Ligand SMILES: NC(=O)c1ccc[n+]([C@@H]2O[C@H](COP(=O)([O-])OP(=O)(O)OC[C@H]3O[C@@H](n4cnc5c(N)ncnc54)[C@H](O)[C@@H]3O)[C@@H](O)[C@H]2O)c1
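Here you go:
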């Protein structure tokens, strides 16, 4: 029967939506995974000319992925794609296009260019990587140094550039990604391969991976005093991720997120680096490792990873409650927000079940339509034969 329980929780007492949203099991960051799936993947990276984006591009291009980069820094972007084309294992299909992620037209153009230039006719994965930090606290800093004072007749609003890049830009990227990832575009390398199992043993149809990788931050889960706008933007990305994973499974798209701690990239201002002097930082290679696992292991759906300084955390909990609690050696990568959909409140429960019901009904309608089409074709053939 198509439908969802009228009562809440479900008859079996479970409040979990994990299966409904196809969320996979908590990530075992110590388990081996294959990078073979990267070969032939068309991956679009915003902000890919520097830092994490550039490091992902180098790693994934070396495994045969085709990389498309959009960034403000044209010189760095062009130099990077030239380098990618020469890497051992590279497909040679790597392209750069200028893109300011805050400008909708730039992003529309970037996605169109990628789809049109793609050697496989489609886009398989998107990384929303472009990001900036505040150069002073937008909300509470320097208020009283304001030349006019906020009690002047028409005081200017604060410039919310960080929200524009880190939130509006990421929303634009995600919106376009859902459209283009859904678009037909066969990955030649996948022809004849097995179906991709997702989460709870179900499979994505057709056998083609579609993946959105969001980049939040440790500032997406904890406060970063002095970086109010940045912290708000990264919390917002977590809100985007946590909600999106409750709906985007309908499109056969997996969404995952990275939450790195401070890493020495051009993003970090010298003041930030000075504050961290002597303290531990996370490493680019650990961020690349976490991102590569999420990109390559196509069974990981709706999961978030924190990347911190390598360390050992003594956790008095079971592995089931705290993924990674049982790990013996040092590790830098930890699962985060693992249990969101295991116990949900009534709104989320009903909303997601409703989507599931609609999807199932559409599935039936699709079957009926197909049968009707077959009937019409067969009838037309019969009539032709009779003439
Ligand atoms: N480095 C860290 O400590 C750290 C920690 C957590 C999260 N992050 C996040 O990781 C992501 C990548 O940061 P990174 O450390 O690699 O920094 P980075 O400065 O090395 O790279 C960011 C890239 O984004 C590009 N960019 C900036 N504004 C843009 C715009 N409007 N349109 C297009 N491109 C734009 C820059 O030109 C640059 O190439 C960001 O979202 C950042 O917030 C970084």
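Residue numbers (this note's numbering): 415 to 801.
Yeah, the Cβ is synthetic: ideal placement off N, Cα and C, and Gly gets one too.
As the structure is a computational prediction, the values presented were derived from the model and not from experiment.
Residues that DSSP places opposite residue i in a beta bridge
i	result
residue 671	628, 718
residue 677	696
residue 480	456
residue 485	512
Assigned exposure category for residue i - 16 Cβ within 10 Å defines buried
i	result
residue 801	exposed
residue 473	buried
residue 601	Reliability fails at residue 601, whose pLDDT of 42 lies under 50, so the model's placement of it is uncertain and the value that follows must be treated cautiously. Label assigned to residue 601: buried.
residue 610	Residue placement at residue 610 is flagged as unreliable, the pLDDT there being 39, under the threshold of 50; the coordinate-derived value follows with that caveat. Buried: at least 16 other Cβ atoms inside 10 Å.
residue 612	Summary for residue 612: the model assigns pLDDT 38, below 50, so the residue's position carries little reliability; its value from the coordinates is reported in the next sentence. Buried, because 16 or more other Cβ atoms sit within 10 Å of the Cβ of residue 612.
residue 549	exposed
residue 631	buried
residue 455	buried
residue 470	buried
residue 794	exposed
residue 556	exposed
residue 568	exposed
residue 584	buried
residue 775	exposed
residue 798	exposed
residue 565	exposed
residue 653	exposed
residue 450	exposed
residue 445	exposed
residue 605	Note on residue 605: pLDDT 37, under 50, position unreliable in the model; the coordinate value appears next. Looking at its Cβ environment, which holds fewer than 16 other Cβ atoms inside 10 Å, residue 605 is exposed.
residue 530	exposed
residue 677	buried
residue 623	buried
residue 511	buried
residue 754	buried
residue 633	buried
residue 615	Unreliable placement is indicated for residue 615, whose pLDDT of 43 sits below 50; the coordinate value is still reported in the next sentence. It is exposed - the Cβ of residue 615 has fewer than 16 other Cβ atoms within 10 Å.
residue 466	buried
residue 707	buried
residue 383	An answer regarding residue 383 cannot be provided, because it is not within the stretch 415 to 801 covered by the chain.
residue 655	buried
residue 803	Residue numbering for the chain in the displayed model covers 415 to 801; residue 803 lies beyond these limits and cannot be assessed.
Span of the beta strand (DSSP E) around residue i
i	result
residue 528	No beta strand (DSSP E) contains residue 528, which is instead part of the alpha helix (DSSP H) from 518-531.
residue 510	508-512
residue 541	539-542
residue 747	745-750
N- and C-terminal bounds of the alpha helix (DSSP H) containing residue i
i	result
residue 574	Neither: residue 574 is in no alpha helix (DSSP H) and is coded neither H nor E.
residue 584	584-596
residue 653	642-658
Does the count of Cβ pairs from the stretch 524-542 and the stretch 471-486 closer than 8 Å reach three?
yes
For the stretch 484-495 against the stretch 701-714, do three or more pairs of beta-carbon atoms, one drawn from each stretch, fall closer than 8 Å, so that the two count as touching?
no
Assess contact between the stretch 658-668 and the stretch 632-646, defined as three or more Cβ pairs (one per stretch) separated by less than 8 Å. Is contact present?
no
Check whether the stretch 742-756 touches the stretch 714-721, taking contact to mean three or more Cβ pairs, one atom from each stretch, closer than 8 Å.
yes
Three CB pairs or more closer than 8 Å across the stretch 537-544 and the stretch 453-468:
yes
Taking contact to mean at least 3 C-beta pairs separated by less than 8 Å, is the stretch 574-585 in contact with the stretch 666-673?
The count of Cβ pairs closer than 8 Å, one atom from the stretch 574-585 and one from the stretch 666-673, stays below three, leaving the stretches out of contact.
Counting beta carbon pairs with one atom in the stretch 584-593 and one in the stretch 514-525, are three or more of them shorter than 8 Å?
yes
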